[in-house]
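Chains as they are written, first to last, in this note's numbering: chain A, 1 to 219; chain B, 1 to 211; chain C, 1 to 258. Where is the CB? At the ideal position from N, CA and C, for every residue including glycine. What follows is a set of notes on a single structure, which appears directly below.
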Amino acid sequence: MGFNLDFALSTIPTIMEALGTTLLATVLSCLGASALGFTLEMIRRGGGAPGLAVRFLIDFIRSTPVLAWLYFLYFVMPFYGIRLGAMTVGILGLSLYYSGYLAEVFKAGIDAIPKGQQEAARALSLNRRDTVVFVIAPQMLRNVAAPLGNYLVSILKATPYLAILAVPEMLGRAFDIASETYRYAEPLTVAGILFLGLALIVAYGVKRVEQRLLAAGRR
Amino acid sequence: MSTFNIWLGILQGLGTTAQVTAYGLVFAVPFALVFGVAQFLTTGMTRFLVTAIIEFWRSSAVVVLLFVFYYVLPVMGITLSALTVSALVLGLNTGGYASQAVRAGLQSLPAGQREAGMALGLSRLAILLLIELPQALIAMGPTFINNLIQLVKATSLVSLVTLTDMTFRAKEIAQTNYDPVAIYSALLLAFFVVCYPIALAGRWLEARIQS
Amino acid sequence: MLAQAPHPLSADQSMPHVRIHGLNKWFGAVHVLKDIDLTIRAGARIVVCGPSGSGKSTLIRCINGLEAFQKGKIEYEATSLGKNTRETAKARRQTGMVFQGFNLFPHLTVLANCTLALRRVLLKPAREAEEIAMRHLTAVRIPEKAKAYPAQLSGGQQQRVAIARALCLNPRVMLFDEPTSALDPEMIKEVLDVMIALARTGVTMVCVTHEMGFAREVADEIVFMDEGRIVEQASSKGFFSGTAHPRARLFLDTVLRH
């Protein structure tokens, strides 16, 4: 049978059509994971019983595969009468899974702020809300920007998991072609190369932003 | 089917999960060591090639990579078992990540270590093997543990290429029993039972290294 | 502001600003402050000194509520520390704090460091806040760096900004926690000069420092601490001309020999 290069090239436009879905899933999952991860970290920081529960939840998420989470949400939610589209379930799954990692990122970002900053804020009589908004958050954002960017790339690379839930992103589209033509090697290779290229481009962009932030930090 | 039987059913896949992990390490460890050291030592064109190979394994989406190798190798006339292909892809992907820890560990050593070795008349290879690598590998121990956990979790993918690991068993059981809550909770729990002790060991190691 | 108006921080000399009574603090099992009694009169310039670990930094951090204490009282004119958070906040509003490590906010300009509390705590409009901040930055001789970020300043400059930042809230008492200990020797003088100038305006200040030259020139009262206790409390003149306590004598010999 051999590898048919012409056929491979002919699949590129069809697979690329799904680029938008891949990027949308990436961005929404990253936003969801950031929001959830930050919330989890805030609850963990608060301590007490909720803090302990969240600490365990984060450990649990980090000890379990994303694929198992996707199956869990996909099959368990309908059992309780919650019917969502595959894309929504996929984004929820990726958000939940990566929130366990981003909680750690936010933790490190906050821990890296010297204790003296909070003390100075207290000595200036700033209230808790103002201390978070004007003193802690801006410094935390600068600290987490680089690792957050790295997780954006990780999430991009995890979006093809959504093909398993039949979300028509790039890998899903490649499988569609494969099942129509009974040729798997070519469309999958194209998908592989496109994902690699995309990951490298996004990683490069993240690095550029990181360098600019670093330069800004040296002001 | 009782919750207990679901548990037992899923645990039947533990052997395959362990097997893929172990074989994966056979690929991951040598790759991480050789390519991490190579990226540290080489310059110019050689370094570019080494980096390109690492980036291929590390920056590719592992899901896609597994399918590509699973379907493309036979077309190229290379027939490997699903187990071997899975171990190769998951192992080298993990190895790609771990190679970066090896390189970073070597780079973070103070130059004085190498200079002290040179002053003692040691060869470059002896300095690397006796002075630099031992320190770098110990310092990066917690990172390697994290890489190992990622590998164990990634083995869930082999269920997609017909291997009967824990994830595959869960789906099999789900075909005959409509009890998704019990089945998929048990699957998550099974991975937790395997991975969490490794994570705790990593934390213990990290605490020891810091003290 | 009228030229002949007294400095807002200088007040009736007879009235005590802060009265500390029987203060005790433990860090776990360690008894770090033991039965501290101290009165900070309006216009007083108190230097707290003593060997490291004697509790002097902890004392000054208790005065504005950065550290909690277990026994005793810290009373301000109208309120008392530790009663509840509201009262503590009220008391803290009357103090300005200068830290050993400056603790400027690195993501804000010098000016924004100074205006932050003016705008968020005293709710001043932007223009007025900037005017007040610039006045204090001028007083610490660094108005030209208003638009700079802390990382662009030397340690001495950063500490002067920190002093201006604390002065912006118009505190009744200025607290200094080893303000020159983190500085390179060549920068200590510029900070001490600013503090001496500040002392001349009649500000009430409590300063933890090892700078005995500064103490001799500025302080009207020296408090010597050792192992969590106030071992000696004397007028500056009395302390330097012949302190009675052997441990204070020993400390003074060690410090002055440098």
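Would you verify that the beta carbon of residue i is, or is not, closer than 7 Å to some beta carbon of chain B?
i	result
LYS207 of chain A	no
SER220 of chain A	Look at the range of chain A in this structure, 1 to 219, and you will see that residue 220 of chain A is not part of it.
LYS157 of chain A	yes
PRO160 of chain A	yes
PHE75 of chain A	yes
TYR71 of chain A	yes
THR26 of chain A	no
PHE60 of chain A	yes
Are there 16 or more other CB atoms within 10 angstroms of the CB of residue i, so buried, or fewer, so exposed?
i	result
HIS136 of chain C	buried
ASP184 of chain C	exposed
PHE4 of chain B	exposed
TYR76 of chain C	buried
HIS210 of chain C	buried
MET118 of chain B	exposed
SER10 of chain C	Because SER10 of chain C carries a pLDDT of 48, less than 50, the predicted location of this residue cannot be relied on, and the following value inherits that uncertainty. Its Cβ having fewer than 16 others within 10 Å, SER10 of chain C is exposed.
SER59 of chain B	buried
GLY192 of chain A	buried
PHE56 of chain A	exposed
GLY28 of chain C	exposed
ILE138 of chain B	exposed
THR21 of chain B	buried
ARG92 of chain C	buried
THR95 of chain C	buried
Is there a C-beta anywhere in chain C that falls below 7 Å from the one on residue i?
i	result
VAL135 of chain A	yes
ALA108 of chain A	no
ASP111 of chain A	no
Closest Cβ-Cβ distance between residue i and chain A: below 7 Å?
i	result
GLY101 of chain C	yes
PRO180 of chain B	yes
HIS107 of chain C	yes
ARG120 of chain C	yes
LEU66 of chain C	yes
SER108 of chain B	no
ALA5 of chain C	The pLDDT assigned to ALA5 of chain C is 44, lower than 50, so where the model puts this residue is not dependable; a value taken from the coordinates is nonetheless given after this. Chain A, which has no Cβ nearer than 7 Å to the Cβ of ALA5 of chain C, makes this no.
LEU252 of chain C	no
LEU151 of chain B	no
ASP12 of chain C	The pLDDT assigned to ASP12 of chain C is 49, lower than 50, so where the model puts this residue is not dependable, and the model offers no usable value.
ALA199 of chain B	yes
Tell me the DSSP secondary structure of residue i in three-state form.
i	result
PHE69 of chain C	coil
GLN12 of chain B	coil
ALA3 of chain C	Residue placement at ALA3 of chain C cannot be trusted, given a pLDDT of 40 that sits under 50; what the coordinates show is reported in the next sentence. Coil.
LEU183 of chain C	coil
PHE69 of chain B	helix
TYR76 of chain C	strand
MET140 of chain B	coil
ALA221 of chain C	The question names Ala, but residue 221 of chain C is Glu in the sequence shown. Reduced to three states, the DSSP call for GLU221 of chain C is strand.
VAL158 of chain B	helix
PRO114 of chain A	coil
GLU41 of chain A	helix
VAL194 of chain C	helix
GLY156 of chain C	helix
ILE127 of chain B	helix
MET76 of chain B	coil
HIS136 of chain C	helix
VAL181 of chain B	helix
LEU109 of chain B	coil
For residue i, which residues does DSSP report across the bridge?
i	result
TRP69 of chain A	Its beta-bridge partners do not exist; DSSP assigns none.
LEU33 of chain C	C:LYS25
MET174 of chain C	C:GLY96 and C:MET205
PRO16 of chain C	C:ARG41
ARG229 of chain C	C:ASP226
SER10 of chain A	None; SER10 of chain A has no bridge partner.
SER235 of chain C	C:GLU221
CYS49 of chain C	C:PHE224
- prompt: Given a limit of 7 Å on CB to CB distance, which residues of the stretch 77-97 of chain B reach chain A?
  reply: Result list empty, no residue passes.
field: Where the stretch 177-202 of chain A meets chain B: residues whose CB sits under 7 Å from a CB there
entry: Per Cβ criterion, the list reads TYR184, ALA185, LEU188, THR189, ALA191, GLY192, PHE195, LEU196, ALA199 and LEU200.
message: Counting only Cβ-Cβ distances shorter than 8 Å, please list the residues of the stretch 46-65 of chain B near chain A, keeping chain order.
response: Within the stretch 46-65 of chain B, GLU55, PHE56, SER59, SER60, ALA61, VAL62, VAL63, VAL64 and LEU65 place their CB atoms closer than 8 Å to a CB of chain A, listed in sequence order.
task: Output, in sequence order along the chain, the residues in the stretch 146-170 of chain C whose CB is closer than 9 Å to any CB in chain A.
output: Answer set for the stretch 146-170 of chain C: ALA148, TYR149, ALA151, GLN152, ALA162, ARG165, ALA166, CYS168 and LEU169.
Against chain A: residues of the stretch 68-97 of chain C by CB proximity under 8 Å: Within the stretch 68-97 of chain C, the qualifying residues are ALA89, ARG92, ARG93, THR95, GLY96 and MET97.
Under 7 Å (Cβ pairs) to chain A, residues found in the stretch 9-34 of chain B: Listed by position, the residues of the stretch 9-34 of chain B near chain A (Cβ gap below 7 Å) amount to none.
task: With 8 Å as the limit, tell me which residues of the stretch 110-142 of chain C have their beta carbon closer than that to any beta carbon of chain A; keep them in chain order.
output: Taken in chain order, the members of the stretch 110-142 of chain C whose beta-carbon sits within less than 8 Å of a beta-carbon on chain A are LEU116, ALA117, ARG120 and VAL121.
message: Under 7 Å, CB to CB, which of the residues in the stretch 115-145 of chain A have a partner in chain C?
response: Against chain C - using a Cβ distance shorter than 7 Å - the residues of the stretch 115-145 of chain A are GLY116, GLN117, GLU119, ALA120, ARG122, ALA123, LEU124, SER125, LEU126, ASP130, PHE134, VAL135, PRO138, GLN139 and ARG142.
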